[in-house]
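One structure is given below, encoded as structure tokens.
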Amino acid sequence: MRALVTGATGMLGSHVVERLLAEGTEVRALVREPSRATWLARQNVDLARGDLLDPISLRAAARGCDEVYHAAAVIGAGGDWETFRRGNVHGTRALAEAAGEAGAPMVHVSSTAVFGRHRFFPHPTDETCPLPELPAEDAYGRSKQEAERVVLEAHARGTMHGVVVRPPVMYGLRDRQFIPRLGTVLSRSILP
Numbered sequence: 031m032r033a034l035v036t037g038a039t040g041m042l043g044s045h046v047v048e049r050l051l052a053e054g055t056e057v058r059a060l061v062r063e064p065s066r067a068t069w070l071a072r073q074n075v076d077l078a079r080g081d082l083l084d085p086i087s088l089r090a091a092a093r094g095c096d097e098v099y100h101a102a103a104v105i106g107a108g109g110d111w112e113t114f115r116r117g118n119v120h121g122t123r124a125l126a127e128a129a130g131e132a133g134a135p136m137v138h139v140s141s142t143a144v145f146g147r148h149r150f151f152p153h154p155t156d157e158t159c160p161l162p163e164l165p166a167e168d169a170y171g172r173s174k175q176e177a178e179r180v181v182l183e184a185h186a187r188g189t190m191h192g193v194v195v196r197p198p199v200m201y202g203l204r205d206r207q208f209i210p211r212l213g214t215v216l217s218r219s220i221l222p
């Protein structure tokens, strides 16, 4: 069994890699710059140089893989729509096409941001809950909604098998986002 993992240098993707290796799965990681993926190389992960916006590199990376885990994304609270759309939507579409050509099912990592930036969502949610229309300034959430649609529509057409998962805020070992931001907020005494 061989799996392709995108976002393998990030927090979630690196944990997916660890789990797959522990289960005896061969792992190939899509990386933009192999020299920045030394941790993966030390784990005997096959590094496939590529980019989500380069369909040729995605097809090469997915070739021979039995499953695809898509944990890469443009993240952050700021940023313009085109940056998020290019990385999160177009990249997901290209990867879904590559997974389909390889005959590999794909797990797409989305986010609870698809529901907006509510402090508390007013009711329990599951896969039947409709997604709200998000304001234009929520470029990240909107891009994750659109990326989900790409995966689910490809699945519905039968061009690839795909599922979507929506983890909430994550922190822990190898976190480079949440805890550093929390530290910044605390150091500025923004919280009461």
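When the letters of the sequence shown are read in order and numbered with my numbering, they come out as residues 31 to 222. By construction, the Cβ of each residue, glycine as well, lies at the ideal position given by its N, Cα and C atoms.
### Query
Where are the alpha helix (DSSP H) runs, 4 residues long or more, that stay fully inside the segment 72-125, in chain order?
Scanning the segment 72-125 from its first residue to its last, the whole alpha helix (DSSP H) runs of 4-plus residues come out as 85-92, 111-114.
### Query
Does the segment 35-43 come within contact of the segment 51-63, defined as at least 3 CB pairs closer than 8 Å?
yes
### Query
Starting from H138 and walking both ways along the alpha helix (DSSP H), at which residues does that stretch end?
Segment 136-139 is the beta strand (DSSP E) holding H138; no alpha helix (DSSP H) there.
### Query
Should L88 be labelled buried (16 or more other beta-carbon atoms within 10 Å of its own) or exposed?
buried
### Query
Would you call the CB atoms of R204 and S44 closer than 7 Å?
yes
### L50, buried or exposed, once every other Cβ within 10 Å from all chains shown has been counted against 16
buried
### Query
Below 8 Å, can you find three or more Cβ-Cβ pairs linking the segment 156-171 to the segment 102-118?
Yes, the segment 156-171 is in contact with the segment 102-118.
### From E176, E131, W111, P198, residue whose alpha carbon lies closest to that of D96
Ranking E176, E131, W111, P198 by CA distance to the CA of D96 puts E131 first.
#### Entry: Same chain only: Cβ atoms within 7 Å of R116, ignoring 5 sequence neighbours per side
L83
### R218 to A91 span [Cα, whole Å]
43 Å
### Message
Just checking P154 against the ligand HEM - is the residue's beta carbon closer than 6 Å to any of the ligand's heavy atoms?
### Response
As presented, the structure is devoid of all ligands, the ligand HEM included, so that no description of it is given.
### Message
By the three-class DSSP mapping on this structure, what secondary structure does V35 have?
### Response
strand
### Query
Which value, in whole angstroms, describes the spacing of the CA atoms of M31 and V119?
28 Å
### Query
When DSSP labels each residue in this structure, what does A59 get in the three-state scheme?
strand
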